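So the sequence shown is numbered by my numbering: it starts at 707 and just counts up by one.
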Amino acid sequence: MQPSPTNQNWPATEFSQRLGGPSGITELMDDLADALQQPERSNGESVKLMGGGNPARIPGVASALQRELQELGKDEESVAFLFGQYDQPAGSLRFRQTIAQLLQEEYGWPLTPENVALTSGGQTAFFCLVNRFAGRMADGSFGKVLLPLVPEYIGYQDQGVGQESVFEARRPLVEETGDRSFRYRIDFDRLDLQPHHRAIILSRPTNPSSNMVSDSDLARLSDMARAAGIPLIIDCAYGLPFPGVVFGDQEAFWNDETILTMSLSKLGIPGARTGIVIAPPDIVRELASMTANIGLANGNLGPWVAQRLFESGTWRSLVENDILPFYRRQRDFALSCAHQFLPDDLDWCVHESDGAFFLWFWFPELPISSRELYQRLAAEGVIVVDGSYFFFGL
Ligand code: PLP
């Protein structure tokens, strides 16, 4: 059936223009889906998927999940609950208790289930948080989220629901750390917090550069946020305590004016769409209302399976013995390939690899745009991510 032509004349809202249009994150997700549909090119070679997206299939994680699902099959009560009931909008109370207790035991943070909200993935957590803190404020002013450092996660870019961007970003200091390596640092001299800044957001490790902002810089950022009376929101999608893909000795951070987001996705469970927000109780209640309004409740499968992995302690062994070593090996291999195969006279360097699943390359003398580089590589069957998308809010 042909789509009705009149649909194309329905007036757009600001919401539809921002969220319904093309964006970096939709391109990334489309590329991923296309490449997975055609794992082979016409010349028989496999497509090299080096863009963002799915976590790797790690045998230890896969078998742990399979074991849990086999147990589920034998448990009539759990099946009835998982598929037959809506849980409360803030998410399973038992799971929220487990998370609060886990963070208390790991780090001594005095959290209760009232500090924990579940969402349908970390992405949805950010949709709610970004629009909770920025955009048209109840008093009529316009609030923005300050990104203390870009490049920053492409998926935030179009999350504000209005026409005007809700992000304001600062360029980083670039520090040369070796012959072929560099590091971004927050430029605190340019980080003048202003009244329209209503929250600070930082992913740590950062998608895409893998930068694990240092403990001291994070404490400084937190002090600035506290002095300005705004929250520091830290996206721990790849970080501590799970999936724990952190190669250095940086530590987890929280205080009662910090909001943390975590996710089951990079543990290897993105299909269960489960995000976890650690926040003051009033924000948790707001997030629960948003969940009820947007989708009634979250899915039950993610919290159920994670509950079992957390209660049995299996999660720690998966992080320490499977996930972290896997990504470290992959990182080491990719870096060694870069050193071995990129020509000596090519001007390239890579951000110090602190964690997460990425390497962030910089070609200072590149005669073409990063967009064109992306397209040329895609034509050769190598899917990367165009870096230009990550510099929004400037
Ligand atoms: N935050 C960062 C930094 C990410 O890289 C991603 C996904 O790639 C997300 C959040 C959202 O992931 P999910 O919605 O699967 O938890």
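Each residue gets a CB set at the ideal place from its N, CA and C atoms; glycine is no exception.
The model shown is predicted, which means the values in this text are computed figures rather than measured ones.
Identified DSSP bridge partners for residue i
{"i": "Val983", "result": "Ala823, Thr967"}
{"i": "Ala905", "result": "Val851"}
{"i": "Gly1061", "result": "Val952"}
{"i": "Gly841", "result": "Gly849"}
{"i": "Trp1010", "result": "Answer is none; Trp1010 lacks a bridge partner."}
{"i": "Phe875", "result": "Just to set this straight, residue 875 is Ala in the shown sequence, not Phe. Bridge partners of Ala875: Leu853."}
{"i": "Trp1068", "result": "Cys1055"}
{"i": "Ile1089", "result": "Leu755"}
{"i": "Glu746", "result": "Ser752"}
Own chain residues within Cβ distance below 7 Å of residue i, not counting five before or after
{"i": "Leu1079", "result": "Leu1072"}
{"i": "Pro949", "result": "Lys972, Leu973, Val1025, Ile1029"}
{"i": "Asp893", "result": "Arg876, Arg877, Pro878, Leu879"}
{"i": "Glu751", "result": "Gly1087"}
{"i": "Ala1062", "result": "Pro911, Asn913, Ser916, Tyr944, Val951"}
{"i": "Asp1053", "result": "Phe1069, Pro1070, Glu1071"}
{"i": "Arg1014", "result": "Glu774"}
{"i": "Trp1021", "result": "Phe948, Leu1015"}
{"i": "Glu812", "result": "Pro947"}
{"i": "Ala998", "result": "Pro795"}
Chain B contact for residue i (CB, 8 Å cutoff)
{"i": "Ala1003", "result": "Checking the listed chains, one finds no chain B in this structure; it contains a single protein chain."}
Residues near residue i in its chain [Cβ-Cβ closer than 6 Å; skip 5 each side]
{"i": "Val919", "result": "Arg910"}
{"i": "Thr883", "result": "Arg889, Glu1058"}
{"i": "Phe721", "result": "Val867"}
{"i": "Gly828", "result": "Ala943, Thr967, Ser969, Gly981"}
{"i": "Gln803", "result": "Pro819"}
Beta-carbon gap between residue i and residue j smaller than 8 Å
{"i": "Gly841", "j": "Val880", "result": "no"}
{"i": "Pro1009", "j": "Phe801", "result": "yes"}
{"i": "Pro854", "j": "Gly1093", "result": "no"}
{"i": "Phe873", "j": "Gly1099", "result": "yes"}
{"i": "Ala931", "j": "Glu963", "result": "yes"}
{"i": "Pro987", "j": "Glu820", "result": "yes"}
{"i": "Ile965", "j": "Gly861", "result": "no"}
{"i": "Ile939", "j": "Leu809", "result": "no"}
{"i": "Pro795", "j": "Ala1003", "result": "yes"}
{"i": "Tyr859", "j": "Asp941", "result": "yes"}
{"i": "Asp737", "j": "Ile1074", "result": "no"}
{"i": "Phe959", "j": "Asp921", "result": "yes"}
{"i": "Gly758", "j": "Val1091", "result": "yes"}
{"i": "Pro937", "j": "Phe839", "result": "yes"}
{"i": "Arg979", "j": "Ser826", "result": "yes"}
For residue i, three-class secondary structure by DSSP
{"i": "Val757", "result": "First, the amino acid is wrong: residue 757 is Gly here, not Val. Of the three classes helix, strand and coil, the one that applies to Gly757 here is coil, per DSSP."}
{"i": "Val856", "result": "coil"}
{"i": "Cys1055", "result": "strand"}
{"i": "Ser1094", "result": "helix"}
{"i": "Ala933", "result": "helix"}
{"i": "Trp815", "result": "coil"}
{"i": "Arg891", "result": "strand"}
{"i": "Val880", "result": "strand"}
{"i": "Ser915", "result": "coil"}
{"i": "Val867", "result": "coil"}
{"i": "Asp941", "result": "strand"}
{"i": "Ala718", "result": "coil"}
{"i": "Ile1123", "result": "Residue 1123 is absent from the structure shown; the chain starts at 707 and stops at 1100."}
{"i": "Asp1073", "result": "Note on identity: in this sequence residue 1073 is Pro, with Asp being the wrong assignment. In this structure, Pro1073 counts as coil in the three-state DSSP scheme."}
{"i": "Ala957", "result": "Note that residue 957 corresponds to Glu in the displayed sequence, not to Ala. Glu957 falls in the coil class under three-state DSSP."}
{"i": "Asn1004", "result": "coil"}
{"i": "Gly648", "result": "This structure cannot speak to residue 648, because the chain is shown only from 707 to 1100."}
Sequence-distant residues of its chain with Cβ nearer than 8 Å to residue i (five each side left out)
{"i": "Leu788", "result": "Leu778, Asn1006, Leu1007, Trp1010"}
{"i": "Ser887", "result": "Cys1055, Val1056, His1057, Glu1058"}
{"i": "Pro1049", "result": "none"}
{"i": "Val990", "result": "Ala796, Glu820, Asn821, Val822, Ala823, Val983"}
{"i": "Phe1032", "result": "Ala762, Ile764"}
Heavy atom of the ligand PLP within 7 Å of residue i beta-carbon
{"i": "Tyr859", "result": "yes"}
{"i": "Ser971", "result": "yes"}
{"i": "Asp941", "result": "yes"}
{"i": "Pro947", "result": "no"}
{"i": "Pro1009", "result": "no"}
{"i": "Gln829", "result": "yes"}
{"i": "Gly730", "result": "no"}
{"i": "Gly950", "result": "no"}
{"i": "Asn913", "result": "yes"}
{"i": "Ser909", "result": "yes"}
{"i": "Gly758", "result": "yes"}
{"i": "Pro976", "result": "yes"}
{"i": "Gly866", "result": "no"}
{"i": "Gly981", "result": "yes"}
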